[in-house]
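Comments concern the structure below.
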Amino acid sequence: MKSASLEQMMADMNNGTYDLTCNGECTQCGNCCSNLLPMTEDEITTIHKHIKKHRIKEHRHNYPTATPTMDMTCPFLNDDKSKEKHEIYSVRPRICREFICCPSKRPPIDDWGYKLKCKTVDVRKEFFK
Ligand code: SF4
Ligand code: SF4
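Residue 10 is where the sequence shown starts when you use my numbering, and the numbers rise one by one after that.
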């Protein structure tokens, strides 16, 4: 089993690329789970219905500090669990279904119809505020 060295990962991040997979397979580390995601209106509506039906609560990832800090990790990532960390897995948006951080494994999203329908969503604000 081959994994990237810490130095290589830091260099990749500095260059705007990173690969946290293991030989191209997702390790479910959650590092790509951002609070800012491109989504279509249909995806937003589906997720709203799902979280209401299943009473899904917001997850926070910041350490308590005297001054409030911004949590830029997706509120659907439950990192208290080692498995089944994803609260909306069955209805996750297309970007989450297709993204993989390994550049050579990433399929090009060349569907312009999909891209044009997407807007960048502040996930925490959209679903929990
Ligand atoms: S795709 Fe995301 S969850 Fe999977 S290894 Fe890369 S950063 Fe981690
Ligand atoms: S919806 Fe799921 S896969 Fe997508 S960023 Fe949030 S936790 Fe990660």
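Virtual Cβ for every residue (Gly too), placed ideally from N, Cα, C.
The C-beta distance from Pro-112 to Asp-28 rounds to 7 Å, short enough to fall under 8 Å. In the DSSP assignment, Met-48 forms a beta bridge with Lys-128. Not one heavy atom of ligand 1 sits closer than 7 Å to the Cβ of Ile-97.
Remark: the shortest separation between the CB of Ser-91 and any heavy atom of ligand 2 does not fall under 7 Å. Lys-124 is positioned such that its CB atom lies closer than 8 Å to that of Ile-118. Within the same chain, Glu-96 and Ile-97 come within 6 Å of Phe-85 by CB-CB distance, once the 5 residues on both sides are set aside. The Cβ-Cβ distance between Thr-30 and Cys-83 does not fall below 8 Å. Ser-99 has no beta-bridge partner at all, per DSSP.
Taken from the Cβ of Cys-83, at least one heavy atom of ligand 2 lies inside 7 Å.
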